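The sequence shown: position 334 = 334 (full-length UniProt numbering), numbered continuously. We put the beta carbon where it would ideally sit given N, CA and C, even for glycine. Computed from a prediction, not measured in an experiment: that's the story for all the values here.
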Amino acid sequence: MLSIISDCILEFTQYDIKKSFSVKDIWDSPYTHENVKMIFSKPDLNSDFSVHEYDKFFSQPIKLLAYSGILSETKNGNKNTYTIQNIELLEYLMQRETNALKFLILYIQKVLRNSGIYPIFDNFLQKQNKESFIQLKESFVAFTINNTAINNATECFRIFTKILNPLAFYYGKKGTRKGYLSETIISRDELNYNRINWRDVGKDKNITRQEHKLTNPKIIANANYLVQKAKKVVKQYNDRFNNSFSEVKQENENSQATQMHHIFPVQDFPSIADYIENLITLTPNQHFIYAHPNNQTRFIDKDFQYICLLAKTTTILNDIQGIYDWNNYIFVLNMGLNTTLFCQVGNEWELLQTIDTFYTDFDKNKYQNLQSKNDLRAFFKPNN
C-alpha cells in the first residue's frame with residue numbers, strides 16, 4: 001500500500017518537489033483511479049459507500065510519509081497540504097514493494113522505541129506464548145488510548161495488527177491473526193493490503209491457487225500494474241544514467257532506447273515479469289528486429305537473449321544507486337533458465353561463465369560484434 005501511494009504521489013506531482021497536493025488530490029487523480037480501483041477491488045472512488053474507507057486508505061500512508069520527513073505537511077485551516085521533501089526516498093518506496101516493507105519495519109521500530117513501548121513488543125517476540133501476547137495486546141491498547149486521540153479498543157486492535165505483524169515477519173516469528181496469537185509464523189503474503197483469503201476463494205475445491213491467480217481480476221490487475229511500474233523504473237534509470245541509449249551496445253545505433261523488453265518473456269515466466277532485473281532497454285530496431293524477429297513479439301531470439309543477459313549483467317554491476325538487486329538477478333536467471341546453478345556463483349565472472357553454459361549453440365556469425373561490445377570479459381580480465 002505504501003509503495004502504490006508513493007507511486008501515485010510521484011505521478012500526480014510529476015516529480016516536482018514544489019508542487020503541493022492534498023490527500024483528495026491524490027485520491028481524485030486519474031492515475032490513482034485507474035490503478036487503485038482495479039488492484040484493490042474497491043467500489044468507485046467517489047461512491048458514498050467508499051468515501052470513509054478511501055480517506056483512511058490514502059490519508060494514513062500520506063501521514064506516515066509526513067511523519068517520517070519524506071513529505072512536508074502544511075496546515076491551512078482544516079486542510080492539510082503536502083510537498084515532497086525527500087524525493088529520493090519516495091522513489092525508493094515506489095520502486096519495489098519490498099523497499100516499502102523494509103522502510104515500514106524500520107519506521108515501526110523507531111516509533112516504538114521513541115514511544116518507550118518497544119520492550120513489550122520485544123518481550124513477546126522473544127517468548128512467543130499466549131501470556132506475553134495478551135500482555136502486549138493489553139499494554140498497547142492502554143498506551144494508545146492514553147496517548148492518542150483514539151478512544152476505542154477496536155481501532156487499537158486494527159493498528160496493533162499493522163504494527164506487530166511486519167515485525168513478526170521480519171524476525172520470523174508468530175504474530176496475530178483475527179485478534180489471537182497466530183499458530184505459525186507470519187508470512188510475507190499476510191502483510192498485503194486487501195489480500196485474498198484462500199479459504200473463501202471459489203467454493204470449487206478442484207481449483208488450485210495457481211489456477212485462481214491466472215483468472216482473478218484483482219491479481220491480474222496488480223500483476224499488470226507491477227509490470228508497468230517496473231518498466232517505468234528501468235526507463236527512468238536508463239534515462240538518468242545511460243543518457244537514454246540502449247543497454248545493448250551496438251555500433252552506429254544511436255536511437256533512443258524507448259522499448260522495455262522482457263529478457264525472459266512474460267507469457268512463459270509470469271513470476272519474474274515485474275522484476276526490473278528481467279527488463280532491458282532497447283531501441284525500436286533492436287526490439288522488433290533482433291529480440292523479436294519480424295516483429296513477432298511472442299517469439300524470442302535466443303542468440304539475442306544471450307546478448308541481453310551480457311548487457312544486463314554490466315548494467316547491474318555498474319549500478320551504484322542501489323536500484324538493481326544482485327540476489328534478484330540470480331533469482332531471475334534461475335527461473336528463466338530453469339536451474340539452480342546461479343545460487344552457487346561467487347562473482348560476476350562465474351556468473352557469466354554459467355550463463356555461457358546455457359548458450360553453447362550461440363551463433364557467433366550472427367551476433368559476434370554485439371558479443372564483443374557487451375561482454376565484460378572483452379574489456380576486463382578476471383582476477384585469478
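| Item | Value |
| --- | --- |
| Collapsed DSSP secondary structure at residue 388 in the structure displayed | Since the first residue shown for the chain is 1 and the last is 384, residue 388 is missing from the structure and cannot be characterised. |
| Beta-carbon proximity of residue 84 to residue 5, cut-off 8 Å | no |
| Continuous alpha helix (DSSP H) stretch holding residue 392: start and end | In the structure displayed, the chain extends from 1 to 384; residue 392 sits before or after that span and is not available. |
| Straight-line Cα distance separating residue 260 from residue 282 | 6 Å |
| Cβ shell of residue 328 (< 7 Å), same chain only, five flanking positions each side left out | 275 and 277 |
| Unbroken stretches of the alpha helix (DSSP H), 4 residues or longer, contained in the segment 61-129 | 87-95, 97-115 and 118-127 |
| Pairwise C-alpha distance: residue 119 and residue 273 | 41 Å |
| Within 8 Å, strictly: CB atoms of residue 163 and residue 90 | no |
| Residue range of the unbroken beta strand (DSSP E) whose run includes residue 176 | 174-177 |
| Residue 180 classed as buried or exposed, judged by whether at least 16 other C-beta atoms fall within 10 angstroms | exposed |
| Rounded separation between residue 321 and residue 361 - CA only | 35 Å |
| CA-to-CA distance, residue 98 to residue 222, given in whole angstroms | 15 Å |
| For residue 96 and residue 3, believed in contact at Cβ under 8 Å, the rounded distance | 7 Å |
| Per DSSP, the bridge partner or partners of residue 259 | 282 |
| Member of 304, 112 and 66 whose CA lies at the smallest distance from the CA of residue 365 | 304 |
| Check whether residue 248 and residue 370 have beta carbons under 8 Å apart | yes |
| CA-to-CA distance, residue 121 to residue 134, given in whole angstroms | 11 Å |
| Proximity to residue 35 [Cα-Cα], best of 225, 351 and 127 | 225 |
| Short Cβ contact (8 Å threshold) for residue 100 with residue 106 | no |
| Beta bridge counterpart(s) of residue 21 as assigned by DSSP | 82 |
| Cβ neighbour criterion (16 or more within 10 Å) applied to residue 312 | buried |
| Other residues of its chain near residue 7: CB distance less than 7 Å, five sequence neighbours each side excluded | 94 and 229 |
| Spatially closest choice to residue 291 from 317, 344 and 262, by CA coordinates | 262 |
| Exposed unless 16 or more other CB atoms sit within 10 angstroms - verdict on residue 300 | buried |
| Cβ neighbours of residue 87 in the same chain (closer than 6 Å, five flanking residues each side left out) | 17 |
| Beta-carbon proximity list for residue 39, same chain, < 8 Å, skipping 5 on both sides | 4, 218, 221, 222 and 225 |
| Whether residue 171 touches residue 125 by CB criterion (8 Å) | yes |
| Bridge partners - residue 185, DSSP secondary structure assignment | 174 |
| Cβ distance (whole Å) where residue 109 is taken to contact residue 174 below 8 Å | That belief does not hold up - the Cβ atoms of residue 109 and residue 174 are roughly 18 Å apart, past 8 Å. |
| Simplified DSSP assignment, three categories, for residue 237 | helix |
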